[in-house]
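**Q**
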C-alpha cells in the first residue's frame, strides 16, 4: 500500500495465494515513483507464534 499523510493512495501488489515453496517476483504493470513523503506499508500474514527465533525472508537463498 502506498500512502501519503495517512491517506491510502493505492495498493501496489497483493498475493492472496502466497506459497513459501514458490517465491515469485511480481512484475509491476507500470513504473512507480516513490517520493519522500510517500510511505510504503507491507503486511505479511505468516504464522510464527510457535517459533522462538527471528524469521528471515530473502529472495536469494
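Residue numbers (this note's numbering): 1224 to 1284.
Note that CB positions come from ideal geometry on N, CA and C, so glycine has one too.
Would you say residue 1285 and residue 1262 are within 8 Å of each other, going by their C-beta atoms?
**A** What is shown of the chain runs 1224 to 1284, which leaves residue 1285 out entirely.
**Q** CA-CA distance, residue 1230 and residue 1256?
**A** If you take the alpha carbons of residue 1230 and residue 1256, they lie about 17 Å apart.
**Q** Between 1238, 1234 and 1232, which has its C-alpha nearest residue 1268's C-alpha?
**A** Closest by alpha carbon: 1238.
**Q** Helix, strand or coil for residue 1254? Go by DSSP, reduced to three states.
**A** In this structure, residue 1254 counts as coil in the three-state DSSP scheme.
**Q** How many Å lie between residue 1284 and residue 1260 at the Cα?
**A** Note that residue 1284 scores a pLDDT of 49, beneath 50, so its modelled location is shaky and nothing firm can be said.
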